[in-house]
Amino acid sequence: MELTINGENKKFDEGLSLEELIQSLGVRKETVVAEVNRKIVQAGERSRFKLTHGDQVELIQFVGGG
Amino acid sequence: MMAETMEKIQAQDTYKINGKLFTSRLLVGTGKYASNELMAQCLEASGTEIVTIALRRVNLDNKGEKTLLDFVDPKRYTLLPNTAGCYSAEEAIRVAHLARATGISDFVKLEVLYDEKTLLPDPIATLEATQVLVKEGFTVMTYTSDDPVMAQKLEQAGAHAVMPAGSPIGSGQGVLNPNNIRIILEKLKCPVLIDAGVGSASDVAVAMELGVMAVLLNTAIAHAKDPLKMAHAMRHATEAGRLSYLAGRIPKKLYAQASTPQKDF
Chain A
0 MELTINGENK KFDEGLSLEE LIQSLGVRKE TVVAEVNRKI VQAGERSRFK LTHGDQVELI
60 QFVGGG
Chain B
0 MMAETMEKIQ AQDTYKINGK LFTSRLLVGT GKYASNELMA QCLEASGTEI VTIALRRVNL
60 DNKGEKTLLD FVDPKRYTLL PNTAGCYSAE EAIRVAHLAR ATGISDFVKL EVLYDEKTLL
120 PDPIATLEAT QVLVKEGFTV MTYTSDDPVM AQKLEQAGAH AVMPAGSPIG SGQGVLNPNN
180 IRIILEKLKC PVLIDAGVGS ASDVAVAMEL GVMAVLLNTA IAHAKDPLKM AHAMRHATEA
240 GRLSYLAGRI PKKLYAQAST PQKDF
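As structure tokens, this is what we get:
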């Protein structure tokens with residue numbers, strides 16, 4: 000299946016959970032916030048949250064700002 | 000008589016934002032530093048307790064790199080996520096939701112901009128977003144222009160702090176219209192902070208002497224030739240300005256008034 004992650008299209012195996020996606024991307028899960036199709040998925044729900052073809056995933060974290 | 004120490008004066012001069020107690024009256028941003036290490040040293044030197052941060056997409060090409068939170072300890076500082084770069088109420092609300100979903104802070108520095116050149120706030124969208132986020136239980140600190148009417152509208156909407164710009168963001172022009180700030184201070188009961196526009200320690204002292212609760216700045220430290228020295232300077236300026244405000248300045252007079260007795264030579 001194809002997912003759009005932070006605006007980039009990438010291919011993944013079917014049945015991938017959001018938690019597994021974050022792990023496979025090497026992103027530090029404790030500091031990341033995830034949105035799927037513009038809806039926030041809370042950290043505790045990520046392992047149960049199965050991604051499907053065409054999902055738009057946004058992975059957001061804190062950066063410097065004023 | 001023992002002189003009052005700075006520590007004792009400060010201990011008696013705390014303030015609250017939505018019930019949370021603070022002592023330092025300098026809020027510092029974490030953007031634009033040459034390195035995260037330098038930023039962390041500047042935060043330390045500034046004595047700040049409230050630190051603004053932003054939210055952006057994770058860079059997927061730099062896996063496992065250190066993040067801002069490796070340099071800014073959320074146990075030590077109250078983190079104030081901003082909605083910088085948002086140009087509608089909807090976007091700003093989305094960013095506030097994302098920030099809260101981190102579980103790190105329910106404070107938000109609400110900033111809804113109108114155009115990229117001036118970075119002036121969109122007053123109508125700012126008011127709408129303030130109303131929504133207050134209802135949703137955020138601690139809302141709203142960035143606004145120095146318009147006294149807008150400041151009152153934001154307070155009525157429930158903003159926990161109203162933060163007029165001294166001058167445009169990052170412009171370093173200081174407080175351009177102190178009279179508007181004076182009117183805002185007269186009209187509002189909630190904390191009023193100067194957010195943005197200060198460039199030097201004297202700008203900060205001037206802002207504090209007006210009686211604002213605190214000053215929020217970023218560029219003035221981050222882009223100084225020596226950011227660490229400027230962080231120290233800003234701390235002193237905030238404290239000096241606050242003390243000067245509390246102490247009460249002498250009235251300005253047209254003619255000289257001798258400091259030395261003029262008779263009995």
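First to last, the protein sequences are chains A and B. All residue numbers for the first sequence refer to numbering that gives the first Met the number 0, where the first residue is 0 and numbers rise by one. All residue numbers for the second sequence refer to numbering that gives the first Met the number 0, where the first residue is 0 and numbers rise by one. Backbone N, C-alpha and C define an ideal beta-carbon position, used for all residues, glycine too.
Next item on the list: Just tell me which of B:H159, B:L209, B:I220 and B:M212 has its CA closest to the CA of G18 of chain B.
Entry: B:H159
Item checked: Residue-level contact to chain B via CB, E34 of chain A, 8 Å cutoff -> yes
Item checked: Proximal chain A residues relative to I52 of chain B, where beta-carbon distance stays under 8 Å -> F61, V62, G63 and G64
Next item on the list: Give a yes or no on whether the C-beta atoms belonging to Y76 of chain B and E43 of chain B are separated by under 8 Å.
Entry: no
Margin query: Quick check: the Cα distance between K15 of chain B and S16 of chain A, rounded to an integer number of angstroms?
Written below: 43 Å
Check: For D69 of chain B, is the classification buried or exposed, using 16 other Cβ atoms within 10 angstroms of its Cβ as the cut-off for buried?
Finding: exposed
Check: Distance, Cα to Cα, D54 of chain A vs L112 of chain B?
Finding: 30 Å
Margin query: I'd like the span of the alpha helix (DSSP H) that includes E18 of chain A, first residue to last.
Written below: L17 to S23
Check: If you drop the 5 nearest sequence neighbours on each side, which residues of the same chain put their C-beta closer than 7 Å to that of G308 of chain B?
Finding: Outside the shown range of chain B (0 to 264) lies residue 308 of chain B, about which nothing can therefore be said.
Item checked: Entirely enclosed alpha helix (DSSP H) segments - the segment 99 to 165 of chain B, minimum 4 residues -> Along the length of the segment 99 to 165 of chain B, whole alpha helix (DSSP H) runs at least 4 residues long occupy 122 to 134 and 147 to 155, reported in chain order.
Checklist line | Partners in chain B for V31 of chain A, counting only beta-carbon separations shorter than 7 Å | finding: V57
Margin query: Would you say T141 of chain B lies against chain A (beta-carbon separation less than 8 Å)?
Written below: no
Check: Comparing alpha-carbon positions, which option in B:L184, B:D105 and B:T101 lies nearest Q151 of chain B?
Finding: It is B:L184 whose Cα lies nearest to the Cα of Q151 of chain B.
Notebook entry, point to check: So, helix, strand or coil for A246 of chain B, using DSSP?
Noted result: helix
Item checked: Buried or exposed by the 16-neighbour rule on C-beta atoms within 10 Å, applied to E110 of chain B -> buried
Next item on the list: Could you name the residues of chain A that A268 of chain B contacts, counting a contact when the two beta carbons are closer than 8 Å?
Entry: Within the shown structure, residues of chain B are numbered from 0 to 264, placing residue 268 of chain B beyond reach of any answer.
Note to self: Using 8 Å as the threshold, is the C-beta distance between I59 of chain A and V35 of chain A below it?
What the structure shows: Result no, Cβ atoms of I59 of chain A and V35 of chain A do not sit closer than 8 Å.
Next item on the list: Check the C-beta distance from K31 of chain B over to H222 of chain B and give it rounded, since I have them as a contact under 8 Å.
Entry: 6 Å
Next item on the list: Under 9 Å between beta-carbons, which chain B residues line up against L24 of chain A? List them in chain order, please.
Entry: V57, L59 and K62
Notebook entry, point to check: Comparing the C-beta of G30 of chain B with each C-beta of chain A, is any distance below 8 Å?
Noted result: So, interface residue.
Checklist line | Through-space distance from L126 of chain B to L153 of chain B, alpha-carbon basis | finding: 6 Å
Check: What three-state label does DSSP hand P226 of chain B in the structure shown?
Finding: In this structure, P226 of chain B counts as helix in the three-state DSSP scheme.
Margin query: Quick check: the Cα distance between I103 of chain B and L175 of chain B, rounded to an integer number of angstroms?
Written below: I103 of chain B and L175 of chain B have their C-alpha atoms roughly 35 Å apart.
Next item on the list: Please list the partners that H96 of chain B has in chain A, where partner means a Cβ-to-Cβ separation under 7 Å.
Entry: I39
Notebook entry, point to check: If we call anything under 8 Å between Cβ atoms a contact, is L54 of chain B one with L26 of chain B?
Noted result: The answer is no: Cβ separation not under 8 Å.
Note to self: Bridge partners for P190 of chain B per DSSP, in chain order?
What the structure shows: Partner(s): none; P190 of chain B has no beta bridge.
Note to self: Against chain B, with Cβ distances strictly below 8 Å, would E44 of chain A count as a contact?
What the structure shows: Judged by the 8 Å Cβ criterion, E44 of chain A is not in contact with chain B.
Next item on the list: Count the other C-beta atoms from every protein chain shown that fall within 10 angstroms of the C-beta of A200 of chain B, then say buried if there are 16 or more, exposed otherwise.
Entry: The residue in question, A200 of chain B, is buried, as its Cβ has 16 or more Cβ neighbours within 10 Å.
Item checked: Beta bridge counterpart(s) of F61 of chain A as assigned by DSSP -> B:L54
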